[in-house]
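**Q**
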Amino acid sequence: MIPSGDEVKLLAGNLVKITQALGGNYTVIMNGNMVQITSENADALGIELNEQTSSKPKGDLEQQIWDQLKTCYDPEIPVNIVELGLIYDLQINDLRDEKEVTIKMTLTAPGCGMGPVIADEVDRKINGLEGVGKVSVDLVWEPMWNRDMMSEEAQLELGMM
Numbered sequence: 052m053i054p055s056g057d058e059v060k061l062l063a064g065n066l067v068k069i070t071q072a073l074g075g076n077y078t079v080i081m082n083g084n085m086v087q088i089t090s091e092n093a094d095a096l097g098i099e100l101n102e103q104t105s106s107k108p109k110g111d112l113e114q115q116i117w118d119q120l121k122t123c124y125d126p127e128i129p130v131n132i133v134e135l136g137l138i139y140d141l142q143i144n145d146l147r148d149e150k151e152v153t154i155k156m157t158l159t160a161p162g163c164g165m166g167p168v169i170a171d172e173v174d175r176k177i178n179g180l181e182g183v184g185k186v187s188v189d190l191v192w193e194p195m196w197n198r199d200m201m202s203e204e205a206q207l208e209l210g211m212m
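Here the sequence shown stands for residues 52 to 212, numbered as in this note's numbering.
Written as structure tokens, this is what we have:
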């Protein structure tokens with residue numbers, strides 16, 4: 052459930068309205084509550100996902116990571132977390148045979164219960180990249196996020212310019 056992050060069960064026959072379908076996840080309104088449905092559970096919405104033949108990611112590892120981060124969305128805002136300005140730092144360090152990726156990110160509001168959900172999605176998507184051995188996603192609150200951190204593209208998308 053958004054914004055608490057509590058899990059809810061979608062029962063057969065429940066009516067929902069899809070309000071956002073971005074980054075492989077779905078934000079729906081169910082019984083007056085906003086709920087995020089992951090792509091793994093899209094069948095609960097009656098959506099059949101086509102198995103996409105994934106092409107080899109383009110660019111070096113850093114570019115691949117940024118590309119994956121751009122597929123992560125705040126379920127309440129139709130703009131990816133990079134364009135929202137939620138990513139504060141990205142570090143890639145060498146391990147023996149793999150890379151360790153450390154990401155510092157924030158949320159639009161400190162009390163948002165979706166923080167762990169978004170951080171888990173980031174972790175899962177970055178861990179899926181070839182050569183990545185360890186991912187750490189740290190939620191930080193300094194500096195406090197504000198609208199000026201959004202890209203111009205995000206501000207235009209949200210009608211703030």
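Think of the CB as a built atom: it goes at the ideal place given N, C-alpha and C, for glycine as much as any other residue. Note that the structure is a prediction, hence the values are computed from the model and not measured.
In the DSSP assignment, what are the bridge partners of Tyr77?
**A** Ala72, Ile88
**Q** Compare the beta carbon distance of Leu137 and Met156 with 7 Å and say whether it is the shorter of the two.
**A** yes
**Q** Report the rounded CA-to-CA distance for Ile143 versus Ala63, giving the unit in angstroms.
**A** 44 Å
**Q** Measuring straight from C-alpha to C-alpha, what distance separates Met200 and Leu190?
**A** 16 Å
**Q** In the DSSP assignment, find the beta strand (DSSP E) that holds Leu141 and state where it starts and stops.
**A** Judged by DSSP secondary structure, Leu141 falls within the beta strand (DSSP E) whose first and last residues are 138-145.
**Q** Answer with buried or exposed for Met212, where buried requires no fewer than 16 other C-beta atoms within 10 angstroms of its C-beta.
**A** exposed
**Q** Would the beta-carbon of Gly182 fall within 7 Å of that of Glu149?
**A** yes
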